[in-house]
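Participant: Note that the protein sequences, when read in sequence, are chains S and D.
Going left to right, the first sequence walks through residues 10 to 262 as this note's numbering numbers them.
Going left to right, the second sequence walks through residues 4 to 288 as this note's numbering numbers them.
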Amino acid sequence: MESNIKMHTENLDFFYGNFQALHHISIEFAQNRVTALIGPSGCGKSTYLRCLNRMNDLIPGIRVNGLAMLGNQNIYDPSIDVVTLRRRVGMVFQKPNPFPKSIFENIAYGLKVNGVKDKAKITEIVEKSLKQAAIWDEVKDRVNESALGLSGGQQQRLCIARALAVDPEVLLMDEPASALDPIATQKIEELINELSSKLTIIIVTHNMQQAARVSDRTAFFYMGKLIEINDTDTLFTKPGLKQTEDYITGRFG
Amino acid sequence: MIKKRLFTQKIWFLCLKIAVLINGAALAVILYFILSRGWRAISWEFLTQAPRDSMTAGGILPCIVGTICLCLVTILVALPIGVASAIYLNEYATQGKLVRVIRLGINNLAGVPSIVFGLFGLAFFCIVLKMGVSVAAGGLTLGIMTLPVIIGASEEALKSVPNTYREASLAMGATKWQTIRRVVLPVAFPGIITGSILGLSRAAGETAPIMYTGAVFFTPDLPTSIFDEVMALPYHIYVLATAGTNIEATRHLQYGTALVLIVLVLGMNLFAIILRSKMRKKLRI
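Take a look at the structure:
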């Protein structure tokens with residue numbers, strides 16, 4: 010597994026102004042594996058996730074130390090093009106956030122902004138992405154209708170399809186099912202399982218069962234520090250530290 | 004105890020209701036006053052002819068055309084500059100001291116009395132830039148006066164666009180400009196347009212900024228270029244009511260002109276509201 014590390018960070022520190030939100034985080038993400046980041050609210054797992062596609066850059070007064078690598082490129086190198094980075098490292102957000110455009114236009118958006126002009130090609134990729142996100146059958150007859158008419162679960166799968174359309178290598182998911190009902194959640198989880206054959210997925214979740222169900226590896230964060238990381242089965246059955254055990258058995262958090 | 008709380012609530016709701024009623028009554032009284040005295044003046048001739056007999060008879064066509072021309076120049080000047088400023092302030096500029104100072108400046112601009120804009124327009128556009136009294140100078144003056152309104156409305160509209168849209172767009176590898184152009188602006192557009200039309204309708208009724216810069220006492224000719232002087236509805240009312248040759252005899256013309264102006268302004272506002280609800284429906288927000 011050492012040889013196919015898709016993304017990794019080494020001693021990553023992150024500051025909001027003077028407040029240090031992340032302390033020396035080192036994690037390796039293997040290609041085509043699902044890694045779950047768990048921990049109580051405010052532990053830094055979402056902040057960490059947003060370091061990986063530099064979404065944190067939008068916040069004024071932030072600072073990053075240490076190394077964050079995509080393949081063998083340092084993503085915080087001044088010469089790196091953030092726009093290209095974000096195309097390669099896609100993101101799905103906590104609340105479904107389709108644009109107030111048609112279903113088709115939502116998916117086509119990423120292609121258009123990345124310079125794809127060929128209409129036939131766009132149509133083809135839109136269909137392929139919707140199929141990949143397991144929502145094609147539900148929307149194929151109304152792709153020109155507004156995406157805001159879809160249910161919450163459908164909207165979130167549409168957002169996943171939208172992220173997939175630009176063909177990312179890594180997909181970051183920030184609590185993608187926390188705003189959804191159990192059935193919609195189950196569909197998202199099945200989808201994550203399917204996608205993991207083609208993509209490296211990093212998912213933040215509050216739901217420990219979800220982490221156990223969808224991920225290969227799990228990292229436990231607490232107070233901005235990485236406490237423990239291991240294969241998901243091992244972490245949930247034989248946690249190495251008392252703190253981890255307390256959290257996953259629900260004694261705090 | 005419960006009874007007392009319910010009674011307190013009733014009293015307060017009654018106060019709120021009265022406030023709204025006063026508001027509505029003011030509009031109703033103004034409309035009734037002007038309608039009842041002005042409608043007799045309205046005729047085909049009144050709307051399509053120039054004033055005659057030292058402005059004691061005839062119509063107000065040059066004023067209607069003049070006001071529309073001034074509005075056109077105003078919106079052509081103020082809309083692009085206002086929206087561009089709002090985008091810069093809200094989307095691009097690093098929020099800091101400089102932006103705070105600029106905002107303060109804009110807010111103060113909004114509080115400057117309209118007569119001061121008129122004097123500024125006279126000094127700068129008419130004299131320094133040698134535009135003379137013209138549609139261009141008057142429209143520019145009104146445009147500058149309307150800028151703060153348009154910037155304010157546009158900033159509000161941009162702020163109301165959920166940040167999740169921006170994040171979603173950037174996360175797909177769109178540039179900041181693509182995000183603004185293709186996601187943020189279409190969503191903010193209804194608010195921007197509505198705010199701008201409301202600002203424009205305010206400008207359409209202003210007298211002070213145009214009395215030295217764009218509008219004249221009397222000219223029977225319609226403008227053929229933006230460097231022509233024009234008559235304008237609000238200034239015409241002012242002239243007839245204070246400086247006309249026979250003020251009493253032209254009362255009905257004054258009310259008629261006021262009615263035309265009010266219909267024009269209310270029409271613009273109504274158009275703005277309909278346009279907004281149409282565009283919102285299209286976006287489904």
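Quick reminder that beta carbons are idealized off the backbone N, C-alpha and C, glycines included.
Please state the DSSP three-state secondary structure of Asp231 of chain D.
Facilitator: It is coil, neither helix nor strand.
Participant: From this set, S:Asp90, S:Glu254, S:Thr93, which residue's C-alpha is nearest Thr241 of chain S's C-alpha?
Facilitator: S:Glu254
Participant: Distance, Cα to Cα, Gly124 of chain D vs Glu158 of chain D?
Facilitator: 26 Å
Participant: Do we get a CB-CB distance below 8 Å when we pair Val152 of chain S with the residues of chain D?
Facilitator: For Val152 of chain S, no Cβ of chain D is located within less than 8 Å of the residue's own Cβ.
Participant: Can you give the Cα-Cα distance for Ala172 of chain S and Asn27 of chain S, rounded to whole angstroms?
Facilitator: 33 Å
Participant: For a contact meaning CB atoms closer than 8 Å, what does Thr178 of chain D contact in chain S?
Facilitator: Within chain S, Val92, Val122 have C-beta atoms less than 8 Å from the C-beta of Thr178 of chain D, given in sequence order.
Participant: Give the residues of chain D in contact with Asn106 of chain S, contact being defined as C-beta atoms less than 8 Å apart.
Facilitator: Pro165, Thr167, Tyr168, Glu170, Ala171
Participant: Which partner residues does Glu237 of chain S have in the DSSP bridge list?
Facilitator: S:Phe229
Participant: Residues of chain D with a CB under 7 Å from the CB of Asn1 of chain S: which are they?
Facilitator: No statement about residue 1 of chain S is possible, as the shown extent of chain S runs from 10 to 262 and does not include it.
Participant: Name the chain S residues whose beta carbon is nearer than 9 Å to that of Thr97 of chain D?
Facilitator: Pro69
Participant: At the level of alpha carbons, what is the spacing between Leu94 of chain S and Ser228 of chain D?
Facilitator: 53 Å
Participant: In chain order, which alpha helix (DSSP H) runs of at least 4 residues are fully inside the segment 164–197 of chain D?
Facilitator: 166–174, 179–182
Participant: For chain D, check one thing: does any of its Cβ atoms lie closer than 8 Å to the Cβ of Phe24 of chain S?
Facilitator: no
Participant: Please give me, in chain order, every unbroken run of the alpha helix (DSSP H) with length at least 4 that falls completely inside the segment 70–118 of chain D.
Facilitator: For the segment 70–118 of chain D, whole alpha helix (DSSP H) runs of length 4 or above, ordered along the chain, are 100–114.
Participant: Are there 16 or more other CB atoms within 10 angstroms of the CB of Tyr57 of chain S, so buried, or fewer, so exposed?
Facilitator: buried
Participant: Please list the partners that Arg96 of chain S has in chain D, where partner means a Cβ-to-Cβ separation under 8 Å.
Facilitator: Met175, Gly176
Participant: When we look at the beta-carbon of Ala275 of chain D and count the other beta-carbons within 10 Å, is it buried (16 or more) or exposed?
Facilitator: buried
Participant: Chain S beta carbons: is any one of them nearer than 8 Å to that of Gln181 of chain D?
Facilitator: yes
Participant: Check each residue of the segment 98–116 of chain D: if its Cβ is closer than 9 Å to any Cβ of chain S, include it; give the result in chain order.
Facilitator: Taking a C-beta cut-off of 9 Å against chain S, the contacting residues of the segment 98–116 of chain D are Gln98, Gly99, listed in chain order.
Participant: By the 10 Å Cβ neighbour count, where 16 or more other Cβ atoms means buried, how is Lys100 of chain D classified, buried or exposed?
Facilitator: exposed
Participant: In chain S, which residues lie less than 9 Å from Leu286 of chain D when you measure between Cβ atoms?
Facilitator: Pro109, Lys110, Ser155, Leu157
Participant: Between the C-alpha atoms of Ile89 of chain S and Gly80 of chain S, what's the straight-line distance to the nearest angstrom?
Facilitator: Taking the straight line from one Cα to the other gives about 13 Å.
Participant: For a cutoff of 8 Å on Cβ pairs, would you count Val186 of chain D as touching chain S?
Facilitator: Between Val186 of chain D and chain S, the shortest Cβ-Cβ separation is below 8 Å.
Participant: Pro191 of chain S: buried (16+ other C-beta within 10 angstroms of its C-beta) or exposed?
Facilitator: exposed
Participant: Could you compute how far the alpha carbon of Ile213 of chain D sits from the alpha carbon of Arg103 of chain D?
Facilitator: Straight-line Cα distance between these residues: approximately 31 Å.
Participant: Please compile the residues from chain D whose C-beta is within a distance smaller than 9 Å of the C-beta of Gly99 of chain S.
Facilitator: Ala174, Met175, Gly176
Participant: Examine the Cβ distances between the segment 142–150 of chain D and the segment 77–92 of chain D and report whether three or more of them are shorter than 8 Å.
Facilitator: yes
Participant: According to DSSP, simplified to helix, strand and coil, what is Pro191 of chain S?
Facilitator: helix
Participant: Would you say Val148 of chain S and Leu139 of chain S are within 8 Å of each other, going by their C-beta atoms?
Facilitator: yes
Participant: Which stretch, first to last residue, makes up the alpha helix (DSSP H) that contains Thr18 of chain S?
Facilitator: Counting along the chain, Thr18 of chain S falls outside any alpha helix (DSSP H), though it belongs to the beta strand (DSSP E) covering 14–25.
Participant: Closer than 8 Å is the cut-off here; do at least three beta carbon pairs connect the segment 216–225 of chain D with the segment 23–35 of chain D?
Facilitator: No, because fewer than three Cβ pairs between the segment 216–225 of chain D and the segment 23–35 of chain D fall closer than 8 Å, the two stretches do not touch.
Participant: Can you name, in chain order, every residue of its own chain whose Cβ lies under 6 Å from the Cβ of Ala63 of chain D, other than the five neighbours on each side?
Facilitator: Correcting the residue type first, residue 63 of chain D is Ile in the shown sequence and not Ala. Excluding positions up to five away in sequence, the list reads Thr260.
Participant: What three-state label does DSSP hand Asn26 of chain D in the structure shown?
Facilitator: helix
Participant: So what does DSSP say about Glu11 of chain S, is it helix, strand or coil?
Facilitator: Low confidence applies to Glu11 of chain S: its pLDDT is 48, below 50, so where it sits in the model is not reliable, and the reading given next is rough at best. Correct three-state label for Glu11 of chain S: helix.
Participant: Might you give, ordered along the chain, the residues of its own chain that have their beta carbon closer than 8 Å to the beta carbon of Lys207 of chain S, omitting 5 neighbours on each side?
Facilitator: Closer than 8 Å at Cβ, skipping near neighbours: Asn41.
Participant: Check whether chain D comes within 8 Å of Arg171 of chain S, counting only Cβ atoms and requiring the distance to be less than that.
Facilitator: yes
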